[in-house]
Structure formats: structure tokens, C-alpha cells
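Letter by letter, the sequence shown follows residues 90 to 412 in our numbering.
A short write-up of the structure that comes next.
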Amino acid sequence: MRRRFRPGRGAAAAAAVVLVACEGAPDPTRSAAAGFVRYGGERGRIDYVEREAVAKKKLFRRINADRAAQGAPPVEYDLLAAKVGDDFCLDAVQGRFVGHWDLAGRPPYLRWALAGGVDFHGQNAGSISRKGFDVVPGEIAPLLLESHERMMEERPPGDGHRRAILDPKWTHVGIGVAWGGGEFRMTEEFVRRVAEWVEVPARPVAAGSGAPFRAKLPSGWSAGVIEVAFEGAPAPMTREEIFRRDQYGLPPAFQTLLPALPPQVRYEGGGTGEFPVSGGRIEARIPLSKGPGSYYVLLFAEKGSPSPGQKLTPVVAARIEAR
Numbered sequence: 090m091r092r093r094f095r096p097g098r099g100a101a102a103a104a105a106v107v108l109v110a111c112e113g114a115p116d117p118t119r120s121a122a123a124g125f126v127r128y129g130g131e132r133g134r135i136d137y138v139e140r141e142a143v144a145k146k147k148l149f150r151r152i153n154a155d156r157a158a159q160g161a162p163p164v165e166y167d168l169l170a171a172k173v174g175d176d177f178c179l180d181a182v183q184g185r186f187v188g189h190w191d192l193a194g195r196p197p198y199l200r201w202a203l204a205g206g207v208d209f210h211g212q213n214a215g216s217i218s219r220k221g222f223d224v225v226p227g228e229i230a231p232l233l234l235e236s237h238e239r240m241m242e243e244r245p246p247g248d249g250h251r252r253a254i255l256d257p258k259w260t261h262v263g264i265g266v267a268w269g270g271g272e273f274r275m276t277e278e279f280v281r282r283v284a285e286w287v288e289v290p291a292r293p294v295a296a297g298s299g300a301p302f303r304a305k306l307p308s309g310w311s312a313g314v315i316e317v318a319f320e321g322a323p324a325p326m327t328r329e330e331i332f333r334r335d336q337y338g339l340p341p342a343f344q345t346l347l348p349a350l351p352p353q354v355r356y357e358g359g360g361t362g363e364f365p366v367s368g369g370r371i372e373a374r375i376p377l378s379k380g381p382g383s384y385y386v387l388l389f390a391e392k393g394s395p396s397p398g399q400k401l402t403p404v405v406a407a408r409i410e411a412r
């Protein structure tokens, strides 16, 4: 078994920020502006026939039973997340590697973004390798449940999988699975889907410029900061390198953008904020100042009016490509 997603180091930065409430009438759905791609409310419902749907359904019910036993709300099933997991598991079986990265050097958050994921995402990954006899289809449901049970048996401080399964912030999950010969791989792809829609540029943007980013939060949600993280193009990895990296996390933020404040109001330090929030709409200009690569836009938000100092987690983790 492999450890799961390690929370980004910038998450605590949102705790002390003045929050802007997103109230007002619901915003009607509209088409994305020219040059943008909009990921709306249907973004997890793709046309996809997944492998071993019956076996996965048993694990899905078990995930929600475990969450219910700990007082966490149920998650919905997400086909986009399931496809991302299936594709990765098949790649891992065929490439005979174990871990979160792939042989191309792509971490889970990059694969998720390349598939069209814009919501905050985390991955649990499990594996079994045998010598002498093959994994057969009739074993898939028991092996999925066995892998999950091993995650649930973890104890602190090495309980990253278990904490991910029981995290009340997740809203959706997709299950990935593949096998071949004596190799078995599975993933639990958790998603926090909150934004009504997210818009990012439809094409790569010139490095050194600024890229527009737009999102809409539901009524009653409060927008916190936007953190911007950067990572260059991935480099191929060996199986040994993948195996040694037993945790992963988004790259550290290099810039934090604050919600614009009303006139005559200032943040500590004198600033007034960098992006407006109106009726739940958020529009920001993302600095692409680190050169070509992937820029991750992490929007922190919470339902209601969080108390000062409350730690927030991202609801959006959208990628913008710079060239």
C-alpha cells in the first residue's frame, strides 16, 4: 500500500484572511466567454463505461458505511474520477510500477487536471503483486475490499489513507482498478466539488503574462484566498523512483491573492485585495511569472462565515498551462 495525498503546505495561509460572503440570487448558467472552457455542474458525469462496475459498487457502499460510522457525510460516485483512476491503474499494471506518479513523471494532480478536473482532488492507491499465479476477474471485488480494509486499519501517524477516506470535506469519489498477470492496482479518487462552475483559458497562455480565472460559488459560501502554485514540465521517472516517493502534494504556493475589500477597509499591511467577489462570482488575474509549465489555482472557501483563524481547504484546484 502507498500513502496518500499530503495536504499542500499553503493551506494554513487561508486561516487568517478576512472572508467575503457570497450571498445574493442564484447565478443563471451561461456559456463560457470566448477563449474560455467552462466546467459546470455536469463535469463529473461523463459518458464512460467503467471496468468492474459491480465490484466497485461494493467498495463504494463500504466507503460510505465507514464514513457514516465516523459521522462523515456520504460521498457521491463520480465517473470522471473513476476514469482517471482506471487509466492510471491500467498504466501501472502494464508498466509494473507502484506509487502515485507514473513513468512519465506525472503526479495525481496533473493527471486529474489533464482529464478535465478542476476541483480539489486526492488519491489513495493500493497494489498487490504476485509470483506464480494470476489475478482473475472473480477476485476483483474481494481484492478491492481487502485493499480498502488495509487502509482503514492504519493508525497514526501513518494513517493517511484512513484520514482521506473519513475526511468530511470530500463530496465525491471514483474508484479505479486494473489487473494483469500477477499485478493488481486500485485507487480511490476523492473529490471536493463545490463551485457551480469554473472557467479557465481554453488554450495555453504566454509565460510572463497574466491569465484570467473565473469561478462561481454557491449562495452562502465565503471566498477566502487564492493561492497560485507552479510546476515545470514533468520528467520521466524509473519504477524505483516512483516507489520511493510514498507521499505527494501540490507544489508550494509562490503567490497569494486576497479578496477585494470594500472602500475604506484595509488588510493588515495596507492592501485592499486583488480579486473581486460579487454574488458568488470570482474573477482573478493569475500571474504566470515562473516561466513555462503548469500553474495551479487553489481557491479556498467555506460554507457560511468561518471564524477568524479557521483553517480552510481548497474547493478548486484548476490548472492553467503557460508556454
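Ideal placement from N, C-alpha and C gives every residue a C-beta, glycine not left out.
Bridge partners - residue i, DSSP secondary structure assignment
{"i": "residue 268", "result": "273"}
{"i": "residue 322", "result": "The partner list for residue 322 (beta bridge, DSSP) is empty, contrary to what the question assumes."}
{"i": "residue 208", "result": "405"}
{"i": "residue 385", "result": "318, 408"}
{"i": "residue 127", "result": "288"}
{"i": "residue 281", "result": "209"}
{"i": "residue 302", "result": "373"}
{"i": "residue 429", "result": "The structure shown does not extend to residue 429, since the chain is modelled only from 90 through 412, so no value can be given for it."}
{"i": "residue 263", "result": "278"}
{"i": "residue 165", "result": "261"}
{"i": "residue 294", "result": "411"}
Collapsed DSSP secondary structure at residue i in the structure displayed
{"i": "residue 100", "result": "A caution first: residue 100 carries a pLDDT of 41, below 50, which makes its placement in the model unreliable, though a value can still be read off. Residue 100 falls in the helix class under three-state DSSP."}
{"i": "residue 214", "result": "strand"}
{"i": "residue 107", "result": "Unreliable placement is indicated for residue 107, whose pLDDT of 41 sits below 50; no coordinate value is reported for it."}
{"i": "residue 184", "result": "helix"}
{"i": "residue 374", "result": "strand"}
{"i": "residue 364", "result": "strand"}
{"i": "residue 480", "result": "Nothing about residue 480 can be read from this structure; the chain reaches only from 90 to 412."}
{"i": "residue 141", "result": "coil"}
{"i": "residue 115", "result": "Note that residue 115 scores 32 on pLDDT, short of 50, meaning its location in the model is unreliable; the coordinates nonetheless yield the value given after this. Residue 115: coil per DSSP, three-state reduction."}
{"i": "residue 346", "result": "strand"}
{"i": "residue 356", "result": "coil"}
{"i": "residue 224", "result": "coil"}
{"i": "residue 313", "result": "strand"}
{"i": "residue 233", "result": "helix"}
{"i": "residue 201", "result": "helix"}
{"i": "residue 148", "result": "helix"}
{"i": "residue 193", "result": "coil"}
{"i": "residue 328", "result": "helix"}
{"i": "residue 244", "result": "coil"}
{"i": "residue 132", "result": "coil"}
Through-space distance from residue j to residue i, alpha-carbon basis
{"i": "residue 66", "j": "residue 258", "result": "A question about residue 66 goes unanswered here, because the residues of the chain that appear run from 90 up to 412."}
{"i": "residue 359", "j": "residue 312", "result": "20 Å"}
{"i": "residue 407", "j": "residue 284", "result": "11 Å"}
{"i": "residue 137", "j": "residue 173", "result": "11 Å"}
{"i": "residue 139", "j": "residue 353", "result": "55 Å"}
{"i": "residue 364", "j": "residue 349", "result": "5 Å"}
{"i": "residue 387", "j": "residue 218", "result": "36 Å"}
{"i": "residue 116", "j": "residue 169", "result": "Note that residue 116 scores a pLDDT of 34, beneath 50, so its modelled location is shaky; the value from the coordinates is reported in the next line. For residue 116 and residue 169, the distance between alpha carbons rounds to 25 Å."}
{"i": "residue 262", "j": "residue 178", "result": "16 Å"}
{"i": "residue 344", "j": "residue 362", "result": "13 Å"}
{"i": "residue 286", "j": "residue 303", "result": "8 Å"}
{"i": "residue 213", "j": "residue 342", "result": "23 Å"}
{"i": "residue 260", "j": "residue 327", "result": "34 Å"}
{"i": "residue 143", "j": "residue 129", "result": "28 Å"}
{"i": "residue 310", "j": "residue 242", "result": "35 Å"}
{"i": "residue 149", "j": "residue 355", "result": "47 Å"}
{"i": "residue 181", "j": "residue 351", "result": "51 Å"}
{"i": "residue 392", "j": "residue 141", "result": "36 Å"}
{"i": "residue 254", "j": "residue 390", "result": "21 Å"}
{"i": "residue 159", "j": "residue 256", "result": "10 Å"}
{"i": "residue 225", "j": "residue 133", "result": "30 Å"}
{"i": "residue 300", "j": "residue 323", "result": "21 Å"}
{"i": "residue 331", "j": "residue 368", "result": "44 Å"}
{"i": "residue 166", "j": "residue 124", "result": "31 Å"}
{"i": "residue 200", "j": "residue 154", "result": "28 Å"}
{"i": "residue 419", "j": "residue 163", "result": "Outside the shown range of the chain, which is 90 to 412, sits residue 419, and nothing can be said about it."}
{"i": "residue 203", "j": "residue 385", "result": "12 Å"}
{"i": "residue 228", "j": "residue 244", "result": "27 Å"}
{"i": "residue 320", "j": "residue 339", "result": "9 Å"}
{"i": "residue 161", "j": "residue 297", "result": "43 Å"}
Supposed contact pair residue j and residue i - C-beta distance, whole angstroms, cut 8 Å
{"i": "residue 220", "j": "residue 184", "result": "So it is not a contact: roughly 18 Å between Cβ atoms."}
{"i": "residue 246", "j": "residue 337", "result": "Contact flag wrong, Cβ pair sits at about 17 Å."}
{"i": "residue 306", "j": "residue 375", "result": "So it is not a contact: roughly 17 Å between Cβ atoms."}
{"i": "residue 265", "j": "residue 175", "result": "5 Å"}
{"i": "residue 210", "j": "residue 273", "result": "Actually they do not touch by this definition, with Cβ atoms about 23 Å apart."}
{"i": "residue 314", "j": "residue 347", "result": "6 Å"}
{"i": "residue 126", "j": "residue 288", "result": "7 Å"}
{"i": "residue 230", "j": "residue 147", "result": "5 Å"}
Note to self: Within 8 Å, do at least three Cβ pairs link the region 401–412 to the region 282–295?
What the structure shows: The region 282–295 and the region 401–412 touch, with no fewer than 3 CB-CB distances between them shorter than 8 Å.
Note to self: Taking 8 Å as the cut-off, does the region 393–403 touch the region 371–382 (at least 3 CB pairs, one atom from each stretch)?
What the structure shows: Here the region 371–382 makes no contact with the region 393–403; the two share fewer than three CB pairs at distances below 8 Å.
Checklist line | Cβ pair count under 8 Å reaching 3, the region 228–237 against the region 184–197 | finding: These segments do not touch.
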